[in-house]
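Student:
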Amino acid sequence: MTDLLKYAHVERERRFLVSAIPEGVVATHRIEDHYVEGSRLRLREVTGADGAVVRKLGHKVRLSASPAEIASTSIYLDDEEWRLLRQLPSTTLTKTRHIVERHGWVVAVDEFPDGTLLAEIDDGDNDGDHPAAPVPDWLDVVEDVSRDEAWTGWALARRQDGGPASESATPPPATAAPPPATAAPPPATAAPPPASAAPPPASA
Numbered sequence: 001m002t003d004l005l006k007y008a009h010v011e012r013e014r015r016f017l018v019s020a021i022p023e024g025v026v027a028t029h030r031i032e033d034h035y036v037e038g039s040r041l042r043l044r045e046v047t048g049a050d051g052a053v054v055r056k057l058g059h060k061v062r063l064s065a066s067p068a069e070i071a072s073t074s075i076y077l078d079d080e081e082w083r084l085l086r087q088l089p090s091t092t093l094t095k096t097r098h099i100v101e102r103h104g105w106v107v108a109v110d111e112f113p114d115g116t117l118l119a120e121i122d123d124g125d126n127d128g129d130h131p132a133a134p135v136p137d138w139l140d141v142v143e144d145v146s147r148d149e150a151w152t153g154w155a156l157a158r159r160q161d162g163g164p165a166s167e168s169a170t171p172p173p174a175t176a177a178p179p180p181a182t183a184a185p186p187p188a189t190a191a192p193p194p195a196s197a198a199p200p201p202a203s204a
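Here full-length UniProt numbering is used: position 68 in the sequence shown is 68, and no number is missing along the way.
1) Beta-carbon separation of Ile99 and Glu11 under 7 angstroms?
2) Bridge partners of Ala27, per DSSP?
3) Should Tyr76 be labelled buried (16 or more other beta-carbon atoms within 10 Å of its own) or exposed?
4) For Ile21, list the residues DSSP reports as bridge partners.
5) Of all Cβ atoms in chain C, is any one closer than 7 angstroms to the Cβ of Val53?
6) Could you check what DSSP says for Arg12 in three-state terms: helix, strand or coil?
7) Check Trp105 in the structure and name its three-state DSSP category.
8) Give me the Cβ distance between Ser146 and Ala68, rounded to the nearest whole Å; I'm assuming they're in contact under 8 angstroms.
9) Could you give the distance in angstroms between the alpha-carbon of Arg42 and the alpha-carbon of Asp79?
10) Is the stretch 43 to 57 in contact with the stretch 143 to 162, if contact means three or more CB pairs nearer than 8 angstroms?
11) Report the residue from Asp110, Val142, His59 and Val26 whose alpha carbon sits nearest the alpha carbon of Ser39.
12) Using only CA atoms, which one of Pro113, Ala27, Lys56 and Arg15 lies nearest to Glu101?
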């Protein structure tokens with residue numbers, strides 16, 4: 001079987017709603033994400049404070065039922081590739097990302113147009129076998145939403161785009177599906193034709 005995650009790296013993140021952007025912001029970027037309908041693909045455009053633009057195509061596969069652990073693959077796109085892929089139907093999410101470095105922590109805080117603040121902490125190589133590090137006390141946590149489907153990027157894009165809140169917030173199945181079973185063998189060949197009729201009786 002082909003290794004679908006051969007070129008991916010694993011991301012393990014905790015996500016928290018927070019009440020304020022903490023001190024220690026070292027960089028701010030504007031991010032525009034386009035979640036391609038009917039797929040696990042995301043087009044991302046990042047604009048830095050200096051106006052520099054970076055564009056990427058990402059593919060994400062969950063490693064479990066939870067959105068907190070995924071295998072991610074990204075490639076950078078040039079202008080022509082970006083224009084071509086942007087023709088695909090997609091749902092858009094815009095946000096401003098603040099990178100906070102404080103007391104040895106690096107935390108990304110996403111600020112959405114409605115004022116919502118969502119912080120992400122990268123758990124690195126912690127695969128769940130060890131307790132996660134305590135959340136820094138300078139991060140004003142309102143709620144842990146790490147495993148809440150309503151706070152995935154796809155769900156946020158749907159809400160921001162005006163999609164119904166009650167509709168499923170997840171894209172097509174996130175875990176890699178096994179290859180289809182091989183086709184059933186063909187039916188047995190037809191039975192041989194019946195034996196020819198018995199010869200007529202000998203003449204008298």
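All C-beta atoms, glycine included, are put in the ideal place defined by N, C-alpha and C. Computed from a predicted model, the values in this text were never measured in an experiment.
Tutor: The answer reads as follows:
1) no
2) Ile99
3) exposed
4) According to DSSP, which records beta bridges pairwise, Ile21 is partnered with nothing at all.
5) Protein chains in the displayed structure number just one, and chain C is not present.
6) strand
7) strand
8) 5 angstroms
9) 16 angstroms
10) no
11) His59
12) Ala27
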